[in-house]
Structure formats: structure tokens, C-alpha cells
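According to the numbering used here, the sequence shown holds residues 23 to 360 in order. All residues carry an ideal CB built from backbone N, CA and C; glycine is no exception. What you are looking at is a predicted structure, and each value in this text was computed from that prediction instead of being measured.
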Amino acid sequence: MDNNEISMDKSMQTIAQTIWNGRKFLLIIGIAAFVISLVASLFIKNQYKATATIFPPVANQVSKELITENKQEGLTTFGETEEMEQFLQVLNSRSLKDRVISALKLQQHWEIDSTTPGIKSKTYRKFDEKIKIKATRYQSINIEVMDRDPEWAAIIANTVVEYSDSLMRSIKAQVAVNALKALERQFALVEQELNQLQDSLASVMSNGIIDPKRQAGRFYKEYLNALLKGNKLQLSTLDKEVAKLGGFGAKHTRYTFEISDLSTQLNELRKSIVVARIEANQEIPTQFIIDRADVPDKKAYPKRSLIVVTATLSAIIFAIFLLLLQEYIKRLKNSFNQ
Numbered sequence: 023m024d025n026n027e028i029s030m031d032k033s034m035q036t037i038a039q040t041i042w043n044g045r046k047f048l049l050i051i052g053i054a055a056f057v058i059s060l061v062a063s064l065f066i067k068n069q070y071k072a073t074a075t076i077f078p079p080v081a082n083q084v085s086k087e088l089i090t091e092n093k094q095e096g097l098t099t100f101g102e103t104e105e106m107e108q109f110l111q112v113l114n115s116r117s118l119k120d121r122v123i124s125a126l127k128l129q130q131h132w133e134i135d136s137t138t139p140g141i142k143s144k145t146y147r148k149f150d151e152k153i154k155i156k157a158t159r160y161q162s163i164n165i166e167v168m169d170r171d172p173e174w175a176a177i178i179a180n181t182v183v184e185y186s187d188s189l190m191r192s193i194k195a196q197v198a199v200n201a202l203k204a205l206e207r208q209f210a211l212v213e214q215e216l217n218q219l220q221d222s223l224a225s226v227m228s229n230g231i232i233d234p235k236r237q238a239g240r241f242y243k244e245y246l247n248a249l250l251k252g253n254k255l256q257l258s259t260l261d262k263e264v265a266k267l268g269g270f271g272a273k274h275t276r277y278t279f280e281i282s283d284l285s286t287q288l289n290e291l292r293k294s295i296v297v298a299r300i301e302a303n304q305e306i307p308t309q310f311i312i313d314r315a316d317v318p319d320k321k322a323y324p325k326r327s328l329i330v331v332t333a334t335l336s337a338i339i340f341a342i343f344l345l346l347l348q349e350y351i352k353r354l355k356n357s358f359n360q
């Protein structure tokens with residue numbers, strides 16, 4: 023056995039001897055810590071936790087699903103990371119906090135003096151302390167509420183869920199209303215342009231230009247027949263018809279193409295307006311409620327046994343440290359005296 027091992031062995035023996043010599047002191051400290059922590063834990067008010075779980079839907083697809091046949095996304099599809107982050111922003115917004123605090127009179131419930139300066143900041147801090155908004159790995163969101171009253175814990179959690187839905191709907195409605203106005207203006211402009219083109223096409227058709235392609239083929243055959251027969255009168259008449267077709271045929275083709283294009287635009291705008299109206303009215307929930315908060319039947323905090331065990335062990339460990347420190351100082355003094 024080398025010197026290092028001998029020195030370490032002596033040190034361990036010294037530590038063990040010091041602890042053994044101070045066993046009565048440690049016992050007293052342990053009992054005192056046990057009693058004090060137990061009594062102190064009894065003064066801590068019980069806290070109950072209620073939890074609600076929600077899923078946000080796929081963004082901007084709910085109303086579209088109502089008017090389309092493709093239902094792969096929307097009303098029945100859970101949102102992913104982007105939608106979850108958007109909903110978290112709403113759940114953590116001051117607008118939501120203000121609504122919940124006002125509706126439930128939480129300042130009174132939490133016994134916050136309304137006359138003290140900085141009342142709003144204190145209420146927000148209390149809100150963040152009592153109400154935790156947590157994203158889960160499954161892209162859902164948990165609303166956890168701690169309160170001394172189990173019924174209030176459930177009420178607050180469910181109110182947060184309810185008001186987050188109404189706030190999200192109002193936010194979307196603000197955007198949808200402006201979008202609806204813009205779409206309606208665009209619809210009116212396209213419709214006006216379409217009507218003008220239809221009037222222009224009707225004017226062309228009133229000159230006998232109904233189907234330029236078919237009419238051109240017919241005039242070509244008739245012109246050849248008249249040319250072969252030497253029918254000058256018919257040739258003269260056909261020349262006028264061909265000239266008219268040349269003047270109005272291109273317009274007929276252009277108007278027909280533009281009318282078809284504008285009709286497609288108008289149909290798409292009409293669908294978008296229907297979607298925007300649904301969004302503006304916002305009668306569709308913006309979340310899936312997986313679990314509403316139930317009234318908890320047992321406390322979540324404090325864990326008195328954990329408090330007592332932790333406090334007692336901490337006190338004993340600290341007492342051991344003091345004993346070892348005292349022994350070290352004593353040995354240090356003895357070495358100086360020698």
C-alpha cells in the first residue's frame with residue numbers, strides 16, 4: 023500500500039470518526055429539520071392543477087373545405103408546427119390575458135390590491151405564474167392552471183380555451199373583412215369589364231359574324247364555286263362578306279378569348295368571396311378541444327413528504343459539513359500550536 027492510499031484511508035477514518043462523534047448533534051439537527059419542515063409544509067396552501075388540451079387546425083383551410091370536394095386539409099385536419107406556434111402567440115398575448123382577467127375578476131380572486139402601483143404588471147406576473155401554456159411533442163397545446171380552489175382551476179383553464187378561440191376568430195375576421203372588401207371590388211371591376219366585352223361581342227355578332235372559322239370555310243367554298251361559274255354578282259357579294267369577316271372576325275376571336283378568360287377569373291373570385299365571407303363571419307371554431315379541464319380531485323402541490331425528506335437530508339448534510347469544518351479548524355490550530 024503506497025503513501026497516497028494510506029493517507030486517503032486515514033482521511034476516510036477521520037471523516038467517519040468525526041461523523042460518529044457528532045451523531046447526537048446530527049440526530050438533533052435531523053429531528054429539528056424534520057419537525058420544522060413538516061410544520062412549515064402544513065402552512066403551505068394546497069394547489070390544484072387543471073389541464074385542458076387543444077389542437078389548432080390547418081391554417082386558412084377551414085372555410086375552403088366547406089365549399090370544395092377535396093377535404094384532405096381543413097376542418098378535420100390537425101395543424102402542425104406553424105399553426106401551433108401561431109396559436110401559442112395568441113395564448114400568450116396580452117389581449118387574451120386581459121379578457122380572461124376581466125371576465126373572471128382574477129385580481130379579486132388572487133387578492134391583488136387594485137390600489138397598489140403597477141397593478142397591471144403584478145396581475146400579468148401572477149397570470150404567468152398560475153397559468154402555464156405548454157406545447158407538446160404531438161403538436162398539441164396544454165393549458166395548465168394551478169389554483170388553491172380546484173373548481174377555479176378548471177374554470178380558468180376552460181375560460182382560457184374559450185377566449186383563445188374567440189380571439190383567434192376575431193383576428194382572422196379582421197383580415198377576412200378587409201380581404202372580402204378587396205375581393206368584392208375586384209369582382210365588380212372584372213364583371214364590368216366582362217359585360218363590356220359581351221356587349222362588344224354582341225355588336226360584332228349583329229353584323230353577321232357568328233362563327234368566324236366556320237363562316238370563313240363556307241365563304242371559301244362559295245367563292246370557289248362562284249369563280250368557276252363566273253358568277254360576278256355572287257363574287258361581288260362574297261367579296262363584301264369576306265371583307266366584313268376580315269374586319270370583324272379578329273375582333274370576334276379576341277372578344278371570345280377574353281370573355282372566356284374573364285369568366286374563369288370571375289368564377290375564381292366568386293369562390294374566394296364565399297370563403298372570405300365565411301372567414302369574416304367566423305362561426306367555425308379555430309381549435310380542436312381534445313380535453314376540457316375537469317375539476318381536480320387531489321392536490322398537485324405541495325408534496326409534503328418530498329419537502330420534509332429534502333429539508334431533513336439537506337440539514338443533515340449541512341450539519342456534517344459543519345462538523346468536518348470544525349474538525350479541520352481544530353486540527354489546523356493544533357498544527358500551529360505545535
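In the three-state DSSP reduction, Tyr-70 falls in the strand class (E or B). Taking the Cα of Lys-148 as reference, the smallest distance to any Cα among Val-197, Val-122, Val-199 is reached at Val-122. Of the candidates Phe-209, Ile-37, Glu-166, the residue whose Cα lies closest to the Cα of Lys-293 is Phe-209. Taken atom to atom, the span from the alpha-carbon of Ser-124 to that of Asp-319 is near 27 Å. In the three-state reduction of the DSSP assignment, Thr-40 falls in the helix class, which pools H, G and I. Cβ-Cβ distances below 7 Å link Arg-299 to Leu-202 in the same chain, with the five nearest sequence neighbours on each side left out; the list follows chain order.
Sixteen is the threshold: since fewer than 16 other Cβ atoms of the shown chains lie within 10 Å of the Cβ of Thr-286, the residue is exposed. Using a Cβ-Cβ distance cut-off of 8 Å, the stretch 346-353 and the stretch 66-74 are not in contact, since fewer than three pairs of beta carbons, one from each stretch, lie closer than that value.
By the C-beta criterion, the stretch 149-168 is judged not to be in contact with the stretch 49-58, since fewer than 3 inter-stretch pairs fall below 8 Å.
From the listed residues Pro-79, Trp-174, Ser-63, the smallest Cα separation to Ile-312 is found for Pro-79. Contact between Leu-284 and Glu-215 is confirmed by a C-beta separation of about 6 Å, below the 8 Å threshold. Here the C-alpha atom of Ile-58 lies approximately 24 Å from the C-alpha atom of Tyr-70. Per DSSP, Ala-315 is not a residue of any beta strand (DSSP E), being assigned neither H nor E. For Glu-133, no beta strand (DSSP E) segment is defined, and its DSSP state is neither H nor E. By the beta-carbon neighbour count (other beta carbons within 10 angstroms, threshold 16), Met-106 is buried. DSSP, reduced to helix, strand and coil, places Lys-154 within a strand of the structure shown. Shortest Cα-Cα distance from Ala-176 to any of Ser-143, Thr-145, Leu-126, Asn-200 involves Leu-126. Cα atoms of Thr-137 and Gly-44: separation of roughly 54 Å, rounded to the nearest angstrom. If you look at Asp-120, you'll find it in the alpha helix (DSSP H) that goes 116-126.
Minimum Cα-Cα distance from Leu-128 among the listed residues Gly-140, Lys-152, Ser-115, Ala-322 corresponds to Lys-152. Boundaries of the beta strand (DSSP E) around Asp-169: 163-169.
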